[in-house]
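Only one structure is covered here, and it is reproduced in the block below.
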Amino acid sequence: LNSHILNENLDWVHFGFATLMIRRENIAKAIDAKMGVSFRGYDISIYPLKHKFCYHKCWDKIDKVHSISKDLLVTAYELGLNKNTHSSIINPAINTKQFISRKKNRNKNRKIRFLSVARLHWKKGIEYTLQSLSILKSRGLLFSYTIVGSGVEYERLMYAVYQLGLDQEVIFAGKVLYEEINRYYENSEIYLQYSIQEGFCNAVLESQSMGLITLVSDAEGLAENVIDHQTGWVVRKRSPELLANKIEYILSLPKKKINEVKANAISRIQSEFDLELQQRKFLKFYKN
304 LNSHILNENL
314 DWVHFGFATL
324 MIRRENIAKA
334 IDAKMGVSFR
344 GYDISIYPLK
354 HKFCYHKCWD
364 KIDKVHSISK
374 DLLVTAYELG
384 LNKNTHSSII
394 NPAINTKQFI
404 SRKKNRNKNR
414 KIRFLSVARL
424 HWKKGIEYTL
434 QSLSILKSRG
444 LLFSYTIVGS
454 GVEYERLMYA
464 VYQLGLDQEV
474 IFAGKVLYEE
484 INRYYENSEI
494 YLQYSIQEGF
504 CNAVLESQSM
514 GLITLVSDAE
524 GLAENVIDHQ
534 TGWVVRKRSP
544 ELLANKIEYI
554 LSLPKKKINE
564 VKANAISRIQ
574 SEFDLELQQR
584 KFLKFYKN
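Mapped onto our numbering, the consecutive letters of the sequence shown carry residue numbers 304 to 591.
Written out as structure tokens, the structure is:
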């Protein structure tokens, strides 16, 4: 399984996801290298639920941990990671030169334009988002909701749209090329990421950088990605009515407050989540 690594002359063996170190926990020591591992979400929050004690042979072999959020690191401690293990929080980053806020295309009608960019997977909480929008429709809100992404849950979500009576409001855009994603942000006003589990989420960084009003759940790293009431809003997960109420509250806010939150978000993303900054942090991770 590991013979192709044993002849390498390396300073570090780094596993990009915790699951990758299973049955490879002795490789680094065998070639006199240091061992690093990244925690990214599924590997810490979900996989251990299905495979109890899956990392118990690995914890004391790790020299340094990288986690994309503080919440995931806390979860790893609960699973048995020694709190004395050297660790660094290095958040995901985006190309801030690509995702630049521009004047939004004019909304020619009264409809609010919602957007989610997510693969169609249960952990993304899209069904809860649809339930929330169904509540808002029953209260008279006019809107459209575009979902960019593909995945195994398409049929289920399509049927949920039908049952909730949202056929005229919801658009499944499918998979979109990376270089074409900007136009979806530009044509939207409110971004929704109401996930059940989420390590951090690059799309939320992109939406904030593009100047969208951004609402997320409190799942793992999302509450670190968005600062509640400062760069966006955080809502307790699995609570569609709470999300609906929060959307109504935001729509009632003065334009000055909305613009203030948008400006805070853009400034924070540009200064703290740029790819070049992330690269420098990883160099420091290995050198120290």
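Virtual Cβ for every residue (Gly too), placed ideally from N, Cα, C.
Thinking C-alpha only, which one of the options is nearest residue i?
i: L460; options: G477, K560, L444, L313; result: G477
i: S542; options: Q581, S435, Q496, Y488; result: S435
i: S404; options: V455, I530, L525, I516; result: I516
i: G524; options: G468, R416, K540; result: K540
i: T432; options: F475, N385, L495, I397; result: L495
i: L362; options: G339, I438, E527, K549; result: For the sequence presented, residue 362 should be read as Trp rather than Leu. Residue G339 is the option with its Cα nearest to W362.
i: T534; options: K560, E544, S498; result: K560
i: L418; options: A379, S491, E458; result: S491
i: D366; options: I438, N310, A336, L467; result: A336
i: P351; options: A321, S341, P395, I371; result: A321
i: A522; options: L323, L375, I308; result: L375
i: S520; options: Y552, W536, N505; result: W536
i: F342; options: Y358, R486, Y462; result: Y358
i: I450; options: K440, S441, V479, G514; result: V479
i: I371; options: N591, K590, K584; result: K584
i: K332; options: N310, Y481, G344; result: N310
i: S391; options: R571, E527, K373, F402; result: K373
i: I484; options: N387, Y345, F402; result: F402
Using the rule of at least 16 other Cβ atoms within 10 Å of the residue's Cβ for burial, across every protein chain shown, is residue i buried or exposed?
i: D314; result: exposed
i: D531; result: exposed
i: G319; result: exposed
i: E501; result: buried
i: L546; result: buried
i: F503; result: buried
i: G428; result: buried
i: F356; result: exposed
i: S348; result: buried
i: L556; result: exposed
i: K400; result: exposed
i: L323; result: exposed
In the DSSP assignment, find the unbroken alpha helix (DSSP H) run with residue i in it and report its ends.
i: Y589; result: 578 to 590
i: K549; result: 543 to 554
i: S348; result: 345 to 348
i: Y488; result: 485 to 489
Assuming the contact rule is C-beta atoms closer than 8 Å, residue i and residue j should be a hit. Round their C-beta distance to whole Å, please.
i: L518; j: V538; result: 6 Å
i: G452; j: V420; result: 6 Å
i: V624; j: L423; result: One cannot answer for residue 624 here, as it falls past the ends of the chain, which runs 304 to 591.
i: F446; j: I397; result: About 26 Å; that fails the 8 Å criterion.
i: H354; j: V368; result: Rounded, the Cβ-Cβ distance is 19 Å, inconsistent with contact.
i: Y576; j: I393; result: Contrary to the premise, residue 576 reads as Phe rather than Tyr in this sequence. About 11 Å separates the two Cβ atoms, so there is no contact after all.
i: S512; j: I569; result: 6 Å
i: V473; j: V507; result: In fact, because the Cβ distance is near 20 Å, the residues do not count as touching under 8 Å.
i: S437; j: L467; result: 4 Å
i: E328; j: K360; result: 5 Å
i: L439; j: I308; result: About 53 Å; that fails the 8 Å criterion.
i: I330; j: N305; result: 5 Å
i: Y457; j: F475; result: 7 Å
Kindly indicate which three-state DSSP category residue i falls into: helix, strand or coil?
i: V377; result: helix
i: K540; result: coil
i: V479; result: coil
i: V455; result: coil
i: Y494; result: strand
i: I438; result: helix
i: D470; result: coil
i: I516; result: strand
i: R416; result: strand
i: T322; result: helix
i: I572; result: helix
i: I397; result: strand
i: S372; result: coil
i: D366; result: coil
If you follow the beta strand (DSSP E) that residue i is in, where does it begin and where does it stop?
i: I330; result: Segment 330 to 333 is the alpha helix (DSSP H) holding I330; no beta strand (DSSP E) there.
i: I308; result: Looking at the DSSP string, I308 is not in any beta strand (DSSP E); the run it does join, the alpha helix (DSSP H), is 306 to 309.
i: V340; result: 337 to 342
i: F392; result: The question names Phe, yet the displayed sequence has Ile at residue 392. 389 to 392 is the span of the beta strand (DSSP E), which, as asked, contains I392.
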